[in-house]
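Trainee:
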Amino acid sequence: MREARFVDVTEEAAEAGFCCQVLVSERVWNLCCLWTEQDNVRQGYQEQDARVRDLFSVPATKLKVGVAGGCTENELLTPYGLRYQIYCRLRGASHEARLITLRILPATFVGDTHGLIVSFPDDQV
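The numbering of the sequence shown is our numbering, which starts it at 980 and goes up by one.
(1) Looking only at its chain, what residues have a beta carbon closer than 8 Å to the beta carbon of Glu1005, apart from the 5 residues adjacent to it on each side?
(2) Report all residues from its chain with a CB closer than 6 Å to the CB of Ala992; omit the five preceding and five following residues, and keep chain order.
(3) If you compare alpha carbons, which of Ile1096, Gln1103, His1074, Gln1017 is closest to Pro1038?
(4) Pick from Cys998, Glu1026, Cys999: whose alpha carbon is nearest that of Leu1068?
(5) With Val1104 and Ser1098 assumed to form a contact (beta carbons below 8 Å), what rounded beta-carbon distance in angstroms separates them?
(6) Roughly how many whole angstroms lie between the Cα atoms of Arg1070 and Asn1009?
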């Protein structure tokens, strides 16, 4: 089995209100975040920074609303993660955005640093 790889998007996640280290799976990065000039020609113009930020608006809102409603972050972010859906134009697919499901999982990184991992539900993390 291949070891999972991740891309650090902590800075972009912080703009949405996340205050910990945040990684995305390599698959999420390649399909939902990465965007090149060739992709602009093939699939229409998008900005990579905006694509990364788009991953965090829905879960940030879900967590803020849930906490405001009386839930703790631990209740919302179970060991199985928080699943959410967004519309995304998948890289290499079509010109149209489609509804995809992602999940945020709590994680402990090297040095006992706590953070989050964003992945597709079927990604091995």
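No residue lacks a Cβ here, since even glycine has one placed at the ideal position from N, Cα and C.
Mentor: In this structure, then:
(1) Here the set comprises Ala983, Arg984, Phe985, Val986.
(2) Val1001, Phe1035
(3) Ile1096
(4) The residue you asked about is not Leu; residue 1068 is Arg in the sequence shown. If you compare the alpha carbons of Cys998, Glu1026, Cys999 with that of Arg1068, the shortest gap goes to Glu1026.
(5) 5 Å
(6) 7 Å
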